[in-house]
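Numbering (my numbering), first residue to last: 757 to 999.
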């Protein structure tokens, strides 16, 4: 797979960043983003259901058991029509590289979490996501915002998105999720695409780059800009095709 590690530390920061740096901030933080692909069904609902299942286990392990930090977050991330799974941890006791390692250790346990679900437990998670999708708008503002999100800025016009998502969710199975994880998010998968955004507090030393051969490490703003200019982009989201 591919891994990009973006690191921010006062020792590598641009002069403008240092000018506004808060020396009293003792927190380091990491966001680990696993990119799944275009926000299309069934990919989108598979990622959403995986997040629904693993987020409590992530909080239990990373916050309660390992006590890495109070802020531990697992959710879906959608950027310009591209969807993925993300984990966020903020900690004053551990540097961002250590937080990344502990997230990776948790991710290695996800296949067991998925396979150990009873059918009843899976059905409960599935129904919980269906309930979220099919919940009625409580205010006119909510309904209006939902429609406008399909018009601006990408013109997807998927005004029945929640209903279509619900049908796709109903078709999912435990095996579907396990297969998707193995092929897309597993550490050993050649299809894996990971971005680790690491912010180091001043009192946490910047460690050496990890020895992984497939990892690209970006420590300066110039390196980040140069890398971004070398990337290809996903196509813009498609509009819903109507008969």
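Where a beta carbon is used, it is the ideal one built from N, C-alpha and C, also for glycine. Since the model is a prediction, treat every value here as computed from it, not as a measurement.
Tell me whether residue 984 sits in a helix, a strand or coil according to DSSP, three-state version. helix
Proximity of residue 925 and residue 886 at Cβ, strictly below 7 Å: yes
Is the beta carbon of residue 789 less than 7 Å from the beta carbon of residue 842? yes
Rounded C-beta distance between residue 915 and residue 794? I'm assuming under 8 Å. Between residue 794 and residue 915 the Cβ distance is about 19 Å, and since that is not below 8 Å, they are no contact.
Compare the C-alpha of residue 992 against each of 976, 950, 835 and 855 and name the closest. 835
Are three or more beta carbon pairs between the stretch 888 to 899 and the stretch 765 to 779 nearer than 8 Å? no
Between 907, 921, 869 and 875, which has its C-alpha nearest residue 891's C-alpha? 921
Cα-Cα separation between residue 999 and residue 913, rounded to whole angstroms: Residue placement at residue 999 cannot be trusted, given a pLDDT of 48 that sits under 50; what the coordinates show is reported in the next sentence. The straight-line gap from Cα to Cα measures roughly 14 Å.
Residue nearest to residue 803 in terms of C-alpha spacing, selected from 960, 941, 985 and 949: 941
Assuming the contact rule is C-beta atoms closer than 8 Å, residue 850 and residue 824 should be a hit. Round their C-beta distance to whole Å, please. 6 Å
Residue 786 vs residue 845 beta-carbon contact at 7 Å: yes
Cβ neighbour criterion (16 or more within 10 Å) applied to residue 830: buried
Please confirm whether residue 784 and residue 956 have their CB atoms less than 7 Å apart. yes
Let me confirm a value: residue 974 is counted as buried when at least 16 other C-beta atoms fall within 10 Å, else exposed. Which label applies? buried
Reduced DSSP secondary structure (H/G/I, E/B, other) of residue 999: Below a pLDDT of 50, predicted positions are generally treated as unreliable, and residue 999, at 48, falls in that range; the measurement from the model is reported next regardless. In this structure, residue 999 counts as coil in the three-state DSSP scheme.
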